[in-house]
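Asker: Numbering (our numbering), first residue to last: 212 to 646. Heads up, the beta-carbon is just placed ideally off N, CA and C, and yes, glycines get one too. One structure, as structure tokens, below. Some questions next.
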Ligand code: ARG
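Below you can see the structure in the form of structure tokens.
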């Protein structure tokens, strides 16, 4: 039986029912739905809108239903229209007329807007914890390799010497901003829509501040239409999560490169790599590749949410039921990626010798060589040109800057002296840059 069966003379068509139902997606919000209902019914009783005994009976039975769903004693009906319907119907089957009082002064529209916020609030906390976990792992890996010198790149061409720690620190900073973005979106989302009703509030003397505070909200939504009609918090979160995935994807791309024989800067633990069914020698960084690939899902989720909302007249429209699939998928994806990446990074072996070898080629100390001439009084542009000529000479003769004789330096610029060899030592190059 539908909640709204009164006006209808027929049961809904089976396929239509399946199409319309959101139970497969929203059943995961059962605890939030029940917590919201308990707060609502507590307020109804406190305001004298329903009898106190009924309020207590409903709250107690809802708590029981929550426990039974949690331990598997009560199975959620996959044919129910949505989780709100299923819980209210179960309550009414058990309490009869008393159960029917629960929905006084409320609509599924403010109920679902509430449930999603409550659910996403917890999801934010989980994601924040995981991002912090990855930050810790990257900081630890960086500390362990604080003196490992590698080439820093621009255009994927060897550019200037850096430490592995400095490289990882860049990702730490990106992830810290990600934390800020999720926290910020969470704060803005933390306003209770309960009491918005279908769209125009209610005529009952409800206490919106009370339900908001019972549920840990900072405030309640001022406009009842806005309370039920907007899902901008889903968009904000999906956008913050998209950036998380951009950062994870870039990091994974580098790990994939570093695992190749061409680089071999790192080696992933066997537990976080996979083999090939035909090539016995292969050890593939599938996890990193999958994270890179899964970033697309989250960007897609963001696009879904924007598109769902863009043409909707106020207030609630059924289109908005699509919000949950998108935002839940975004959170699921980010969580599984972070959960897998953290131990992969923790167990990743760094090979500083190979980084050092790569750093020794590619003339990545050329800027420092030019800076040496600047310290002798030459304008930078002239120093740049002289060093360029030195590099050209090295390429022609198959030498490195370190291997050139002092006469060769002096032939190109007489300001050079023996001090240049100290100036272009990679260790000194990174030290001078405060790495
Ligand atoms: N399953 C619906 C959703 O997720 C719940 C709200 C239904 N409201 C309505 N008026 N049909 O949006």
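Please report the distance separating the alpha-carbon of residue 442 from that of residue 243.
Answerer: Residue numbering aside, residue 442 sits at position 231 when the chain shown is read from its first letter. Residue numbering aside, residue 243 sits at position 32 when the chain shown is read from its first letter. Roughly 17 Å separates the two Cα atoms.
Asker: Roughly how many whole angstroms lie between the Cα atoms of residue 279 and residue 470?
Answerer: Indexing the chain shown from 1 puts residue 279 at position 68. Indexing the chain shown from 1 puts residue 470 at position 259. Their backbone Cα atoms lie some 48 Å apart in a straight line.
Asker: Assuming contact is defined by CB atoms lying nearer than 7 Å, are residue 252 and residue 313 in contact in what I supplied?
Answerer: Residue numbering aside, residue 252 sits at position 41 when the chain shown is read from its first letter. Residue numbering aside, residue 313 sits at position 102 when the chain shown is read from its first letter. Yes, Cβ-Cβ distance for residue 252 and residue 313 is below 7 Å.
Asker: Just to confirm my understanding: we take residue 515, look at its own chain, exclude 5 residues before and 5 after, and list those with CB closer than 6 Å. What are they?
Answerer: In the chain shown, counting from the first residue as 1, residue 515 sits at position 304. Closer than 6 Å at the Cβ level, and outside the excluded window around residue 515, lie 537.
Asker: My assumption, with CB atoms under 8 Å, is that residue 324 sits in contact with residue 396. Please give the rounded CB distance.
Answerer: If you number the chain shown from 1, residue 324 lands on position 113. If you number the chain shown from 1, residue 396 lands on position 185. Incorrect: roughly 16 Å between the Cβ atoms, too far for contact.
Asker: Of the choices 575, 586, 588, whose alpha-carbon is the least far from that of residue 601?
Answerer: As a position in the chain shown, residue 601 is number 390, starting the count at 1. Cα-wise, what sits closest to residue 601 is 575.
Asker: Using a Cβ distance threshold of 8 Å, determine whether the region 410–430 contacts the region 471–490, with at least three qualifying pairs required.
Answerer: The region 410–430 vs the region 471–490: no contact.
Asker: Using CA coordinates, which residue listed in 500, 635, 466, 511 is at the minimum distance from residue 562?
Answerer: By 1-based counting over the chain shown, the position of residue 562 is 351. That would be 466, whose Cα lies nearest to the Cα of residue 562.
Asker: Could you check where the beta strand (DSSP E) with residue 538 kicks off and where it finishes?
Answerer: Mapped onto the chain shown, residue 538 falls at position 327. Unbroken run through residue 538 is the alpha helix (DSSP H), 533–557; no beta strand (DSSP E).
Asker: Assign residue 384 to buried or exposed, taking buried as 16 or more other Cβ atoms, counted over all protein chains shown, within 10 Å of its Cβ.
Answerer: Numbered from its first residue, the chain shown carries residue 384 at position 173. Counting Cβ neighbours within 10 Å, residue 384 comes out exposed, since fewer than 16 surround it.
Asker: Identify whether residue 431 lies in helix, strand or coil by the three-state DSSP scheme.
Answerer: Position 220 of the chain shown, counting from 1, holds the residue named residue 431. In this structure, residue 431 counts as strand in the three-state DSSP scheme.
Asker: How is residue 598 classed by DSSP in three states: helix, strand or coil?
Answerer: Position 387 of the chain shown, counting from 1, holds the residue named residue 598. Residue 598 falls in the helix class under three-state DSSP.
Asker: Compare the beta carbon distance of residue 498 and residue 422 with 7 Å and say whether it is the shorter of the two.
Answerer: For the purposes of this step, residue 498 is taken as the residue at position 287 of the chain shown. For the purposes of this step, residue 422 is taken as the residue at position 211 of the chain shown. Not a contact, by the Cβ cut-off of 7 Å.
Asker: Taking residue 563 as part of the alpha helix (DSSP H), name the residues at either end of that continuous run.
Answerer: Your numbering for residue 563 matches position 352 in the chain shown. Taken as a continuous stretch (DSSP letters only), the alpha helix (DSSP H) holding residue 563 covers 563–571.
Asker: Which residues does DSSP list as the beta-bridge partners of residue 369?
Answerer: The count along the chain shown starts at 1 and reaches residue 369 at position 158. Its beta-bridge partners are 364.
Asker: So, for residue 321: in the same chain, excluding its five sequence neighbours on each side, which residues have a beta-carbon less than 7 Å away from its beta-carbon?
Answerer: In the chain shown, counting from the first residue as 1, residue 321 sits at position 110. The residues are 404, 405, 406, 407, 408, 438, 439.
Asker: What I want to know is whether the C-beta of residue 320 ends up closer than 6 Å to one or more non-hydrogen atoms of the ligand ARG.
Answerer: Along the chain shown, one-based indexing puts residue 320 at 109. Residue 320 Cβ: within cutoff of the ligand ARG.
Asker: In the DSSP assignment, find the unbroken alpha helix (DSSP H) run with residue 378 in it and report its ends.
Answerer: Translated into positions along the chain shown, residue 378 becomes position 167. Residue 378 -> alpha helix (DSSP H) spans 375–400.
Asker: Which two residues bound the contiguous alpha helix (DSSP H) that contains residue 469?
Answerer: As a first step, residue 469 is located in the chain shown; it is residue number 258 there, counting from the start. Unbroken alpha helix (DSSP H) run through residue 469: 443–470.
Asker: Considering only heavy atoms of the ligand ARG, does any lie closer than 6 Å to the CB of residue 248?
Answerer: As a first step, residue 248 is located in the chain shown; it is residue number 37 there, counting from the start. The answer is no for residue 248.
Asker: Would you please state the rounded distance, in angstroms, between the beta carbons of residue 566 and residue 476? I believe it to be under 8 Å.
Answerer: For the purposes of this step, residue 566 is identified with residue 355 of the chain shown, where counting begins at 1. For the purposes of this step, residue 476 is identified with residue 265 of the chain shown, where counting begins at 1. Contact holds; Cβ gap of about 5 Å.
Asker: Runs of 3 residues minimum, wholly inside the region 288–376: which ones carry the beta strand (DSSP E) assignment?
Answerer: Segments of the beta strand (DSSP E) lying fully in the region 288–376: 360–365, 368–374.
Asker: Ends of the alpha helix (DSSP H) at residue 218?
Answerer: Within the chain shown, the letter at position 7 stands for residue 218. It is not in any alpha helix (DSSP H) - residue 218 carries neither H nor E in the DSSP assignment.
Asker: Return the residue from the list 640, 616, 554 that minimises the CA-CA distance to residue 571.
Answerer: The residue you call residue 571 lines up with position 360 of the chain shown. Of 640, 616, 554, the residue nearest in Cα terms is 640.
Asker: Does DSSP classify residue 560 as helix, strand or coil?
Answerer: For this step, residue 560 is matched to residue 349 along the chain shown. It is a strand residue.
Asker: Under 8 Å, with one C-beta from each stretch per pair, do the region 333–348 and the region 245–261 reach the 3-pair mark?
Answerer: Because the criterion of three Cβ pairs below 8 Å is not met, the region 333–348 and the region 245–261 do not touch.
Asker: Kindly confirm or deny that the region 367–383 and the region 216–231 touch, where touching means at least three C-beta pairs closer than 8 Å.
Answerer: No, they do not touch.
Asker: Going by other Cβ atoms of all chains shown within 10 Å of its Cβ, with 16 needed for buried, is residue 190 buried or exposed?
Answerer: It is not possible to answer for residue 190, since the shown part of the chain is limited to 212 through 646.
Asker: Using only the alpha-carbon positions, how far apart do residue 216 and residue 302 sit?
Answerer: Taking the chain shown and counting its residues from 1, one reaches residue 216 at position 5. Taking the chain shown and counting its residues from 1, one reaches residue 302 at position 91. Distance between the alpha carbons of residue 216 and residue 302: 18 Å.
Asker: Buried or exposed, going by whether 16 or more other CB atoms sit within 10 Å of the CB of residue 507?
Answerer: Locating residue 507 in the chain shown gives position 296, where the first residue counts as 1. Residue 507 should be labelled exposed.
Asker: Helix, strand or coil for residue 495, going by three-state DSSP, please let me know.
Answerer: For this step, residue 495 is matched to residue 284 along the chain shown. Strand, per DSSP.
Asker: Straight-line CA distance for residue 285 to residue 297?
Answerer: Within the chain shown, residue 285 is the residue found at index 74, counting from 1. Within the chain shown, residue 297 is the residue found at index 86, counting from 1. Their backbone Cα atoms lie some 11 Å apart in a straight line.
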